[in-house]
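K.L.:
Here it is: the structure, laid out below.
As structure tokens, this is what we get:
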């Protein structure tokens, strides 16, 4: 199913967002961002974590 999306086209010039993409992100690139969202203490609170993967993100404060 994922391979049918033809995401190779213009990959260097595009942003691709994949929900539940932890299994496929490394297949697209060695450099990517991981965004995780968790519920906070109250009903409307969310905690967002952003982590860089690969050399491109070294030195970035996320």
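Residue numbers (the working numbering): 5 to 66.
We treat Cβ as the ideally placed atom computed from N, Cα and C, and that holds for glycine.
#1: Need the endpoints of the beta strand (DSSP E) that residue 37 sits in, please.
#2: From the DSSP secondary-structure annotation, give me the bridge partner or partners of residue 56.
#3: The alpha helix (DSSP H) with residue 29 in it runs from where to where?
#4: Rounded to whole angstroms, what is the Cα-Cα separation between residue 34 and residue 59?
#5: Using the DSSP secondary-structure output, state which residues sit across from residue 51 in a beta bridge.
P.N.:
This is what the structure gives:
#1: 36-43
#2: 37
#3: 29-32
#4: 8 Å
#5: 42
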